[in-house]
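Numbering (our numbering), first residue to last: 4 to 404.
Read the structure below first, then the notes.
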Ligand code: HSE
């Protein structure tokens, strides 16, 4: 029997307890031995919840208990999670976490520490929610030079954008629904401003390339500027608007960014709706591969966390080799990334637009108060210069067609 502890009894923590109880027989069989939750740590009390019997408010009880071999960290945020996880690893306990803030900020250090202590630091749920993606990137896609990893990596924003597109729903109402469903972060700014997707593409890219992609260096835009008019144009263009995180090799340089994009209906990520996430990977010999599933929510996220617990139990005494060095992953200056742009402008005439951008494709969605057009592909830097010559830009969305 292996004793484990769960740090945090919020959405994911309570999901982990539920999954371990619901699928006990299957999980124990797959782990090769019984998994017993000995403690749940939370500052709060949960009167009437059976968790009361194993609830502790004192992290040191868990840290000092040598019977606890695996610790699940699902508190979120960098501190105190970082300190707790570090101490657990140093005490010879494996850690499974869903905490993308922690993994993006301290991944290489915690992996190295786990290696030194012959335990494991596992984080399948930190990107893509319930989708198996970290393990496949680390263990399966090992024969390829990966030239692109692009994903819809935030369930909350995908849920919001889908409802706005299909139901003309109001942004604030849908965000409130996403919070109620347990998809959104405590402070949903990380979802809607792109910070969550940014950390996730940093984690995935670091695993793919074996070096640390510092998430703070990734150009990141969220969805807060997207309006119902943008969806009217997207409809005319037979496109979906999705918040995308991407790292792509172009002319030998890796470019990484997070931004809303218009994806035409043939794009592999365009049909991924609601809370689902999708991750597209291109390898030079594998070609295209897609991963799809629920990107947020209590049980799907808990499923990924528990799969890490099982892996930790299966590999007790052995460190699973995961290459994510602290050495920085070089990425190109964003101003040199090449994109195509959809632009809406309020007071510039078609002549002015053509004078500035040359040959463009105008898009008519029946909104008489503005002009909208698609540029040719150009660098971000060139676009920024040309855009500044327009008098009254209402919105810009990059397009993938
Ligand atoms: N808030 C996150 C999302 C949770 O919506 O994707 C899963 O990481």
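Beta carbons are placed, not taken as given, at the ideal position from N, Cα and C, and that holds for glycine.
Classification of residue i by the beta-carbon crowding that lies within 10 angstroms, buried from 16 upward
| i | result |
| --- | --- |
| residue 43 | buried |
| residue 401 | buried |
| residue 87 | buried |
| residue 29 | exposed |
| residue 4 | exposed |
| residue 73 | buried |
| residue 61 | exposed |
| residue 256 | exposed |
| residue 24 | exposed |
| residue 303 | buried |
Backbone CA spacing between residue i and residue j [nearest angstrom]
| i | j | result |
| --- | --- | --- |
| residue 104 | residue 202 | 7 angstroms |
| residue 241 | residue 298 | 25 angstroms |
| residue 143 | residue 290 | 14 angstroms |
| residue 207 | residue 40 | 30 angstroms |
| residue 12 | residue 336 | 41 angstroms |
| residue 330 | residue 111 | 9 angstroms |
| residue 398 | residue 334 | 27 angstroms |
| residue 19 | residue 55 | 15 angstroms |
| residue 116 | residue 92 | 7 angstroms |
| residue 384 | residue 248 | 19 angstroms |
| residue 159 | residue 317 | 33 angstroms |
| residue 68 | residue 165 | 47 angstroms |
| residue 358 | residue 209 | 42 angstroms |
| residue 17 | residue 65 | 18 angstroms |
For residue i, the three-state DSSP class (helix, strand or coil)
| i | result |
| --- | --- |
| residue 285 | strand |
| residue 170 | helix |
| residue 39 | strand |
| residue 272 | coil |
| residue 126 | coil |
| residue 109 | helix |
| residue 345 | strand |
| residue 102 | coil |
| residue 404 | coil |
| residue 384 | helix |
| residue 60 | coil |
| residue 291 | strand |
| residue 47 | coil |
| residue 77 | coil |
| residue 244 | strand |
| residue 133 | coil |
| residue 371 | coil |
Supposed contact pair residue j and residue i - C-beta distance, whole angstroms, cut 8 angstroms
| i | j | result |
| --- | --- | --- |
| residue 136 | residue 226 | With 8 angstroms as the limit, residue 136 and residue 226 do not qualify as a contact, their Cβ atoms being about 22 angstroms apart. |
| residue 280 | residue 154 | 6 angstroms |
| residue 267 | residue 403 | 7 angstroms |
Heavy atom of the ligand ATP within 7 angstroms of residue i beta-carbon
| i | result |
| --- | --- |
| residue 237 | Looking for the ligand ATP in the displayed structure turns up nothing; the ligands present are the ligand HSE. |
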